[in-house]
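Trainee:
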Amino acid sequence: MGENMWNSALEYLKKSRKAWWNNDYIEFLIEKVWKIKEPVSIVDFGCGIGFLGELLMPLLPAGSIYTGIDIGDKLLEEAERRFQQTGFSTRFIHADLNEYISKEKYDIAICQTVLQHIPNPIKILEKMKDSVKQNGMVVCIELSRDVDSASRYIDGLDYSRLNLLGIEQKLRRNALNTTGKDFEIGLKLPVYMEKLGLKNIDVRVNDYAQFVSPSKQEYKSEIEAFMSGNYSNRMTKEGKEGLMEYFISRGLTKEEAEHEFEGQLEISDYLYEHQEKAYIVNSKCMFISYGYNSEY
Ligand SMILES: C[S@@+](CC[C@H](N)C(=O)[O-])C[C@H]1O[C@@H](n2cnc3c(N)ncnc32)[C@H](O)[C@@H]1O
Numbered sequence: 009m010g011e012n013m014w015n016s017a018l019e020y021l022k023k024s025r026k027a028w029w030n031n032d033y034i035e036f037l038i039e040k041v042w043k044i045k046e047p048v049s050i051v052d053f054g055c056g057i058g059f060l061g062e063l064l065m066p067l068l069p070a071g072s073i074y075t076g077i078d079i080g081d082k083l084l085e086e087a088e089r090r091f092q093q094t095g096f097s098t099r100f101i102h103a104d105l106n107e108y109i110s111k112e113k114y115d116i117a118i119c120q121t122v123l124q125h126i127p128n129p130i131k132i133l134e135k136m137k138d139s140v141k142q143n144g145m146v147v148c149i150e151l152s153r154d155v156d157s158a159s160r161y162i163d164g165l166d167y168s169r170l171n172l173l174g175i176e177q178k179l180r181r182n183a184l185n186t187t188g189k190d191f192e193i194g195l196k197l198p199v200y201m202e203k204l205g206l207k208n209i210d211v212r213v214n215d216y217a218q219f220v221s222p223s224k225q226e227y228k229s230e231i232e233a234f235m236s237g238n239y240s241n242r243m244t245k246e247g248k249e250g251l252m253e254y255f256i257s258r259g260l261t262k263e264e265a266e267h268e269f270e271g272q273l274e275i276s277d278y279l280y281e282h283q284e285k286a287y288i289v290n291s292k293c294m295f296i297s298y299g300y301n302s303e304y
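Note that the sequence shown covers residues 9 to 304 in the working numbering.
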């Protein structure tokens with residue numbers, strides 16, 4: 009995905025991020041796990057609209073500085089707008105991570121759902137390591153899409169009858185072979201970090217689970233957040249041919265592609281028909297891998 013493609017993810021990023029973290033868990037990470045007591049300089053690789061900065065800055069010690077790097081100029085404009093009135097110290101850099109070489113050293117380099125979209129994630133991980141000071145920390149927050157897809161319940165929809173998990177797993181495995189993008193990278197990062205020489209590596213799982221219920225005040229934004237990824241537009245039979253071609257180009261047989269299309273269509277129809285009164289439980293189970301640039 010080039011710059012323009014990522015710029016077009018602006019609305020998705022604005023809607024989806026409402027349902028990703030519990031603030032108390034971030035507080036727990038900062039205080040109890042990472043034990044950050046002094047102001048830090050933090051650089052966010054692939055910051056998008058600065059979502060991680062918004063989450064972290066109010067909880068980090070006062071005087072901390074947040075730098076975001078991204079390829080999407082429209083995303084950075086939105087990030088700058090969001091921080092305008094906050095009083096936090098921020099800076100945004102428009103760059104392609106593949107070309108980017110950090111001139112500065114930071115206390116922390118962090119990224120969230122970026123490495124899974126980049127064909128050479130280890131090269132970017134190495135850049136993150138190079139951008140932190142001696143004893144600095146590298147944090148990567150990434151998914152395993154297998155886990156993500158499996159931890160989803162839509163009340164009234166019989167997921168096990170749809171039987172899509174195996175096919176979707178195959179699609180993702182084939183994407184790794186053909187594009188180099190690894191949708192299971194969340195599970196592998198502690199190993200990659202160790203092989204790159206980071207020390208004291210550990211991994212946690214984000215404890216957030218989304219419960220969408222019509223009884224909740226924030227129902228509308230919650231269901232919007234859930235649907236913003238795969239179901240932001242209702243699927244139609246007219247779109248079948250294009251999607252079938254795409255699935256087959258990604259290594260599915262014609263039968264599997266048909267099965268995937270029909271299953272996704274059923275989910276999309278169900279969500280749009282029950283949009284005003286859906287119950288959904290969903291957890292992304294994001295893996296938070298972290299390590300230090302030497303023994304600490
Ligand atoms: C799924 S979004 C995650 C954004 C943000 N980290 C968040 O969690 O909201 C992936 C981000 O990586 C950025 N990105 C992807 N490839 C990039 C590259 N080669 N150089 C810089 N940024 C890139 C995109 O522009 C996008 O903002």
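Glycine included, C-beta positions come from ideal geometry on N, C-alpha and C. Since the model is a prediction, treat every value here as computed from it, not as a measurement.
Only counting runs of 3 or more residues, tell me where the beta strand (DSSP E) segments fall wholly within the region 242-297, in order along the chain.
Mentor: As far as the region 242-297 is concerned, its whole beta strand (DSSP E) runs of at least 3 residues are 288-290.
Trainee: Any heavy atom of ligand 3 within a distance shorter than 8 Å of the CB on Cys55?
Mentor: What this structure holds is ligand 1, not ligand 3.
Trainee: Following the continuous alpha helix (DSSP H) through Lys26, name the residue where it begins and the one where it ends.
Mentor: First-last for Lys26: undefined, no H or E at that position.
Trainee: Alpha carbon to alpha carbon, how far is Thr244 from Ile79? Give it in angstroms, no decimals.
Mentor: Near 32 Å, if we compare the C-alpha coordinates of Thr244 and Ile79.
Trainee: Hey, is Ile79 close to ligand 1, as in C-beta under 8 Å from one of its heavy atoms?
Mentor: Checking the Cβ of Ile79 against ligand 1 gives yes.
Trainee: By DSSP, does Gly80 sit in helix, in strand, or in coil?
Mentor: The answer is coil: DSSP assigns Gly80 none of H, G, I, E or B.
Trainee: So, does the region 285-302 touch the region 137-147, judging by three or more C-beta pairs under 8 Å?
Mentor: These segments touch.
Trainee: Are the CB atoms of Asn128 and Gly188 nearer to each other than 9 Å?
Mentor: Yes, the pair counts as a contact, with Cβ atoms nearer than the cut-off.
Trainee: Does the Cβ-Cβ distance between Leu184 and Glu268 come in under 9 Å?
Mentor: Taking 9 Å as the Cβ cut-off, Leu184 and Glu268 do not qualify as a contacting pair.
Trainee: In chain order, what residues of the same chain have a beta carbon less than 8 Å from the beta carbon of Asn15, not counting five sequence neighbours either side?
Mentor: So the list reads Gly80, Asp81, Lys82, Leu83, once near-sequence residues are dropped.
Trainee: Return the chain-ordered list of same chain residues with a C-beta closer than 6 Å to the C-beta of Arg153, the five sequence neighbours on each side being excluded.
Mentor: Hits under 6 Å: Arg180, Phe191.
Trainee: On a Cα-Cα basis, can you pick out the residue from Gly250, Gln93, Lys45 that is closest to Gly71?
Mentor: Out of Gly250, Gln93, Lys45, Lys45 has the C-alpha closest to the C-alpha of Gly71.
Trainee: In chain order, what are the residue ranges of uninterrupted alpha helix (DSSP H) at least 4 long that sit wholly in the region 124-167?
Mentor: The region 124-167 contains these whole alpha helix (DSSP H) runs: 129-138, 153-158.
Trainee: Quick one: is Ala233 buried, meaning 16 or more other Cβ sit within 10 Å of its Cβ, or exposed?
Mentor: Result: buried.
Trainee: Is it the case that the CB of Tyr108 approaches a heavy atom of ligand 1 more closely than 8 Å?
Mentor: Yes, Cβ of Tyr108 sits closer than 8 Å to a heavy atom of ligand 1.
Trainee: In its own chain, which residues sit with a C-beta less than 7 Å from the C-beta of Glu88, not counting the 5 before and 5 after it?
Mentor: Result list for Glu88: Phe100, in chain order.
Trainee: Looking at C-alpha atoms only, which residue of Ala117, Leu133, Ile116 is the closest neighbour of Leu123?
Mentor: For the residues Ala117, Leu133, Ile116, the minimum Cα distance to Leu123 belongs to Leu133.
Trainee: Whole angstroms is fine: what's the gap from Phe91's alpha carbon to Glu62's?
Mentor: Their Cα atoms are separated by approximately 8 Å.
Trainee: Run through the DSSP bridge pairs and tell me what Arg181 is partnered with.
Mentor: For Arg181, which the question treats as bridged, DSSP gives no partner whatsoever.
Trainee: With 16 as the cutoff for other CB atoms within 10 Å, does Val48 come out buried or exposed?
Mentor: By the neighbour-count rule (16 or more Cβ atoms within 10 Å), Val48 is buried.
Trainee: Does any residue of chain C have a CB that is nearer than 9 Å to the CB of Val155?
Mentor: Here there is only one protein chain, and chain C is not present.
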